[in-house]
Structures are given as structure tokens and as C-alpha cells.
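What follows is a set of notes on a single structure, which appears directly below.
There are 2 protein chains.
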Amino acid sequence: MSRTIFYTATTLDGFLADDHHSLDWLLTQPIDEVGPFSYGAFIATIGAIAMGASTYEWVLRHNETSGDPWAYEEPSWVFTHRDLPLAADSVQLTAAPVAEVHAAMTAAADGRDVWVVGGGDLAAQFAEAGLLDEVVVSIAPVTVGSGKPLFPRRFDLELLEVDRNRAFVCARYRVVGPRLPPD
Amino acid sequence: MSRTIFYTATTLDGFLADDHHSLDWLLTQPIDEVGPFSYGAFIATIGAIAMGASTYEWVLRHNETSGDPWAYEEPSWVFTHRDLPLAADSVQLTAAPVAEVHAAMTAAADGRDVWVVGGGDLAAQFAEAGLLDEVVVSIAPVTVGSGKPLFPRRFDLELLEVDRNRAFVCARYRVVGPRLPPD
Numbered sequence: 083m084s085r086t087i088f089y090t091a092t093t094l095d096g097f098l099a100d101d102h103h104s105l106d107w108l109l110t111q112p113i114d115e116v117g118p119f120s121y122g123a124f125i126a127t128i129g130a131i132a133m134g135a136s137t138y139e140w141v142l143r144h145n146e147t148s149g150d151p152w153a154y155e156e157p158s159w160v161f162t163h164r165d166l167p168l169a170a171d172s173v174q175l176t177a178a179p180v181a182e183v184h185a186a187m188t189a190a191a192d193g194r195d196v197w198v199v200g201g202g203d204l205a206a207q208f209a210e211a212g213l214l215d216e217v218v219v220s221i222a223p224v225t226v227g228s229g230k231p232l233f234p235r236r237f238d239l240e241l242l243e244v245d246r247n248r249a250f251v252c253a254r255y256r257v258v259g260p261r262l263p264p265d
Numbered sequence: 083m084s085r086t087i088f089y090t091a092t093t094l095d096g097f098l099a100d101d102h103h104s105l106d107w108l109l110t111q112p113i114d115e116v117g118p119f120s121y122g123a124f125i126a127t128i129g130a131i132a133m134g135a136s137t138y139e140w141v142l143r144h145n146e147t148s149g150d151p152w153a154y155e156e157p158s159w160v161f162t163h164r165d166l167p168l169a170a171d172s173v174q175l176t177a178a179p180v181a182e183v184h185a186a187m188t189a190a191a192d193g194r195d196v197w198v199v200g201g202g203d204l205a206a207q208f209a210e211a212g213l214l215d216e217v218v219v220s221i222a223p224v225t226v227g228s229g230k231p232l233f234p235r236r237f238d239l240e241l242l243e244v245d246r247n248r249a250f251v252c253a254r255y256r257v258v259g260p261r262l263p264p265d
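Going line by line, the protein sequences match chains X and Y.
Each residue of the first sequence is one higher than the one before, counting from 83 in the working numbering.
Each residue of the second sequence is one higher than the one before, counting from 83 in the working numbering.
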């Protein structure tokens, strides 16, 4: 049974990127690449990838600057209404509703899990459609005060697992459902 | 040697209170009152308390509704430019700079620690003055999307300790210093 997982790094104050579109707060932290919640162990379980347009454009810019190739072998869907360049044959653009794309992604994943890379708004759209199973965060030891929000919605989660990887607090949550405003 | 500590609960997405000024996201969570990072063990180490005006007014309203008395025996400073009612003889209002008040608080604490209750902006003012030693968070398994921010500044922290208390991820950080924007 394929799970759909929002796996991401975040600042302690709940941002995925700062106002400078920089990930220096993340990439300068010590991490054990084969330790708890490692990317290598995670990506081995993934059969399809979802990404918002801003995240995708960040990756394109990063790869252009660094010379890095597209990092993912898995079939990848980019949610956008624009005509963006395709980074690889495995990438497709979509403007369809998340539920429709999710069905295609799950089929493509063939029993492996679906990774919602980000941003927070796309992850929240999956959750609102009842299609997000888990939120898995690696919390970097920084605050940035403003930037791209982790998950811009009211949701209840259930804590499944806590661990530490060097500078990071790592936590895995089950998505319970929307949290109503108080009476 | 007295430490100054910002000890608080926060949502996973970095808010101390939601837009409804409600703490229902916090008070409905299961917690072990004598478990890791418990309030009881913490408050026993505290000799003086700092609070922002909004936090203080929230406590006053809460106590008025619930009939609860002022909860703190420790001498308490409320940072405000207004003339607010005093909840107890141990409460004083101040409009002085944090550094000046911090000296008085440390003297009053007499070797015990100083607790910055919140909000996030007051904690950040102590940090900017180089007077905040630790940030200690209990992260509730909820997202609220918007509200009062945990720590509205760019700061580097050092992770000292991670634990779990029922629904909460608990983490203790040393405040390293301001984090500069990327080049």
C-alpha cells in the first residue's frame, strides 16, 4: 500500500526557505548521511515525486548554477499552470487537481511511496484532499523569521517517531485531519 | 551562574498562539506532567520571570475567565508602555531596555534562572542584546498556518538535547547568535 509523504527540512520557526530563497541555513548544518531519517534511506522507498512550481524552479536554478543533473530517477509531476522547461524525460507538468494526479502517481509508484517534495502549499493541498499520510520533518537549528511556510493550514497530526541526526531534530507524523477553529 | 531561558510550547509550524488567541491546540494534547521537559521540573529552577504585554494580558483574561489566581511566586517583569493592572505584588511593569531589566532580574533570581515566557518578539529582544542563553521548545503535533510567531528573527542555535513527552517533541538549544543573510 503506497503512502504519500511530505518529507522536508524546516527551520525551527517553520520555514522551508528564507526570504532570500536561500537554503544556506540547511546546507551548512552537520548531518550523518546514513543516520536517522537520512535522505538515502528515504529516497530508496519512493516511486513517484510531486513538486510545486516554485520548488521546481528553485531546483532548475540550482542545477544551472552548480552543473548538477536532475537528481531523481522517479517519475515526477510538477504542479504549474505555466509552460516550464522539462529537466528530464521523467518530468511532466500538470495543472490537474491533486486527486487526479495522485491516482496517476500512485499507479506509477507501483507499491512504493509518493514523495511530496514541497512547497508547503502543495503538501497542504494533498492533505486537504485527504491524500497525505505523513509529514516527516528534519528541523534545522535556526530561525529565519520569515520565508516560505512549512504548512500554511490548520491540521492535527499524530507524533509517530522522534530522533536526532547531528544538528537536526527529526520527527515523523501521521496526518489526522483539518483542525477546526476554536468555538 | 544564572541562565536566561525562553521556554515555550510551539506548533510544528512555529506559532505560539493562533489567530484566535487560543491555546486549545496546546491544552488538548496528552502530556506527562512529570515526564521529560516538564513544566514542574522547569519552574523549580526559575527565580525571575519576564513577559511581554500581550502574553500578560492573555494570562489576565484567562485567569478572569477561569477564576485561577496568578500562577507565579517569582518576581515578574512585564514589558509594556501602558498602565496595566497588577495581578500580584510580585508583578512590576517596565518600559526600560531589556539589558537594564535583565540585570535587575538576574539579581532577584539570586542564582536561579530567568524565564522569558514570551512572546517571541520579547525573547528575540533578549537574544539580540546577547542576553538569551537557551531556547527550550515543546512542539505540539499541530499546524495553525498563522498566528504569533515563535521567534521573529534570524538566529543560529545549537541543539543540546532532544526528547519526547507523549505528543510533544522537546528540544533544548543554546543561542549561538544572529544569522546573517546569505551573500
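For each residue, glycine too, the CB sits at the ideal point set by N, CA and C.
Legend entry - the stretch 95-114 of chain Y touching the stretch 174-194 of chain Y, judged by at least three CB pairs closer than 8 Å: No contact exists between the stretch 95-114 of chain Y and the stretch 174-194 of chain Y.
Legend entry - Phe208 of chain X versus Asp165 of chain X - alpha carbon distance: Phe208 of chain X and Asp165 of chain X: Cα-Cα distance of roughly 22 Å.
Legend entry - Beta-carbon proximity check, Gly129 of chain Y vs Ala190 of chain Y, cutoff 8 Å: Taking 8 Å as the cut-off, the beta carbon of Gly129 of chain Y is found closer than this to the beta carbon of Ala190 of chain Y.
Legend entry - Cut-off 8 Å between Cβ atoms - residues of its own chain near Ala222 of chain Y, not counting five sequence neighbours on either side: Answer for Ala222 of chain Y: Ala91, Thr92, Thr93, Leu94, Trp107, Leu108, Gln111, Ala249, Phe250, listed in chain order.
Inset, instruction - Check distances from the C-beta atoms of the stretch 151-183 of chain X to those of chain Y and list, in chain order, the residues that come in under 9 Å. - result: Within the stretch 151-183 of chain X, no residue has a Cβ that lies closer than 9 Å to any Cβ of chain Y.
Inset, instruction - Find the residues of chain X that neighbour Glu146 of chain Y, judging by a C-beta separation of less than 8 Å, and give them in chain order. - result: The contacting residues do not exist; Glu146 of chain Y stays about 18 Å from chain X at best.
Legend entry - Under the three-state DSSP convention, the category Gly149 of chain Y falls into: The three-state secondary structure of Gly149 of chain Y, taken from DSSP, is coil.
Inset, instruction - Taking 8 Å as the threshold, find out whether the stretch 232-240 of chain X comes into contact with the stretch 124-138 of chain X through three or more Cβ pairs. - result: The stretch 232-240 of chain X makes no contact with the stretch 124-138 of chain X; the number of CB pairs closer than 8 Å stays below 3.
Legend entry - Start-to-end residues for the beta strand (DSSP E) that takes in Ala132 of chain Y: Residues 128-134.
Inset, instruction - Look up Trp197 of chain Y in the DSSP assignment and give the residues it is bridged to. - result: Secondary-structure assignment with DSSP links Trp197 of chain Y through a beta bridge to Y:Ile87, Y:Ile131.
Legend entry - Per-residue contacts from Val226 of chain Y into chain X (C-beta, under 9 Å): Within 9 Å Cβ-Cβ: Arg235, Arg236, Phe237, Arg261.
Inset, instruction - Would you verify that the beta carbon of Leu98 of chain X is, or is not, closer than 8 Å to some beta carbon of chain Y? - result: No, no contact with chain Y.
Legend entry - Sub-8 Å separation of Ala253 of chain Y and Glu240 of chain Y beta-carbons: Not in contact: Ala253 of chain Y and Glu240 of chain Y (Cβ atoms no closer than 8 Å).
Inset, instruction - Tell me whether Ser220 of chain X is buried or exposed, calling it buried when 16 or more other Cβ atoms sit within 10 Å of its Cβ. - result: Per the 10 Å Cβ criterion, buried.
Inset, instruction - Flag this pair as yes or no: are the beta carbons of Phe119 of chain Y and Asp245 of chain Y separated by less than 8 Å? - result: The answer is yes: Cβ separation under 8 Å.
Inset, instruction - Look up Phe119 of chain X in the DSSP assignment and give the residues it is bridged to. - result: Phe119 of chain X pairs with nothing; no bridge assigned.
Inset, instruction - Verify whether the separation of the beta carbon atoms of Asp297 of chain Y and Thr127 of chain Y is less than 8 Å. - result: It is not possible to answer for residue 297 of chain Y, since the shown part of chain Y is limited to 83 through 265.
Inset, instruction - Measure from the alpha carbon of Val257 of chain Y to the alpha carbon of each residue in Y:His184, Y:Ala99, Y:Gly96, Y:Asp238, then state which is nearest. - result: With distances taken between Cα atoms, Val257 of chain Y lies closest to Y:Asp238.
Inset, instruction - Could you check the C-alpha separation between Gly200 of chain Y and Glu156 of chain X for me, to the nearest Å? - result: Glu156 of chain X has its alpha-carbon roughly 45 Å from the corresponding atom of Gly200 of chain Y.
Legend entry - Among X:Thr162, X:Val224, X:Asp215, nearest to Phe97 of chain X - alpha-carbon criterion: When each option's Cα is compared against that of Phe97 of chain X, the closest is X:Val224.
Inset, instruction - Give the residues of chain Y in contact with Pro231 of chain X, contact being defined as C-beta atoms less than 7 Å apart. - result: Those are Asp95, listed as they occur along chain Y.
Legend entry - Proximity to Ser158 of chain Y [Cα-Cα], best of Y:Met83, Y:Asn247, Y:Asp150, Y:Trp197: When each option's Cα is compared against that of Ser158 of chain Y, the closest is Y:Trp197.
Inset, instruction - Helix, strand or coil for Phe233 of chain X, going by three-state DSSP, please let me know. - result: Phe233 of chain X falls in the coil class under three-state DSSP.
Legend entry - Pick from X:His163, X:Leu175, X:Gly117 that is closest to Asn247 of chain X, judged by C-alpha positions: Check the Cα spacing between Asn247 of chain X and each of X:His163, X:Leu175, X:Gly117: the tightest is with X:Gly117.
Legend entry - Chain-ordered neighbours of Val251 of chain X on chain Y, where CB pairs are closer than 7 Å: Simply Leu241, Val244, Val251, Ala253.
Legend entry - CB contact check: Trp107 of chain Y to chain X, cutoff 8 Å: Between Trp107 of chain Y and chain X, the shortest Cβ-Cβ separation is below 8 Å.
Legend entry - CB of Ser104 of chain X within 8 Å of CB of Pro151 of chain Y, strictly: No; because the gap between Cβ atoms is not below 8 Å, this pair is not in contact.
Inset, instruction - Report the neighbours of Ser104 of chain X on chain Y: residues whose CB is nearer than 7 Å to its CB, in chain order. - result: Here the neighbours are Pro264.
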